[in-house]
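Colleague: I am attaching a structure below and will ask some questions about it afterwards.
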Amino acid sequence: MTVQKTLNIKKGDHVRVLSGKDRGVEGKVIAVLPEADRVIVEGVNRIKRHQKALQPGTTSSIITKEAPIHVSNVALLVEVDGKKVTTRIGFRRDEVTKKRADGSTYSAHRSVRIATRTGEEI
1 MTVQKTLNIK KGDHVRVLSG KDRGVEGKVI AVLPEADRVI VEGVNRIKRH
51 QKALQPGTTS SIITKEAPIH VSNVALLVEV DGKKVTTRIG FRRDEVTKKR
101 ADGSTYSAHR SVRIATRTGE EI
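Heads up: the sequence shown begins at 1 in the UniProt record's numbering, then just goes up one per residue.
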């Protein structure tokens with residue numbers, strides 16, 4: 001039985017790179033690879049690949065694309081007083097009221113991601 005890893009960084013989050021050749025660069029997370037603990041951030045860790053012409057009549061080319069970086073090398077960005085600052089991610093359980101199909105309601109809990117620096121929901 002394999003356990004699916006979960007990462008605190010999600011697709012669509014805005015992050016800042018903390019280390020490596022692209023240190024300080026900010027970008028949006030394009031993809032999350034939880035099995036490898038890596039994320040792909042747009043405009044970060046760009047590599048070049050030579051694409052071979054696979055069909056007659058097409059030409060070979062050099063393609064530039066983003067490569068994955070380790071999730072520990074990025075930090076989530078939140079806006080505080082008009083500035084973008086990095087923060088860690090925490091979780092809070094909020095009580096919510098849900099409705100059943102028959103129209104009755106009940107109380108349940110929902111887990112939400114919060115920015116530890118501001119306490120606001122992400």
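Think of the CB as a built atom: it goes at the ideal place given N, C-alpha and C, for glycine as much as any other residue.
These numbers come from a predicted model, not from an experiment.
1) Which of the three DSSP states is assigned to Glu-66 in this structure?
2) If we require 3 or more residues per run, which beta strand (DSSP E) segments fall completely within the segment 85-119?
3) So what does DSSP say about Val-15, is it helix, strand or coil?
4) Between the segment 58-74 and the segment 34-47, can you find at least three pairs of beta-carbon atoms closer than 8 Å?
5) Could you please give the first and the last residue of the uninterrupted beta strand (DSSP E) stretch that includes Arg-38?
6) Using three-state DSSP, classify Ser-60 as helix, strand or coil.
Modeller: By the coordinates alone:
1) strand
2) 89-99, 105-115
3) strand
4) yes
5) 38-41
6) coil
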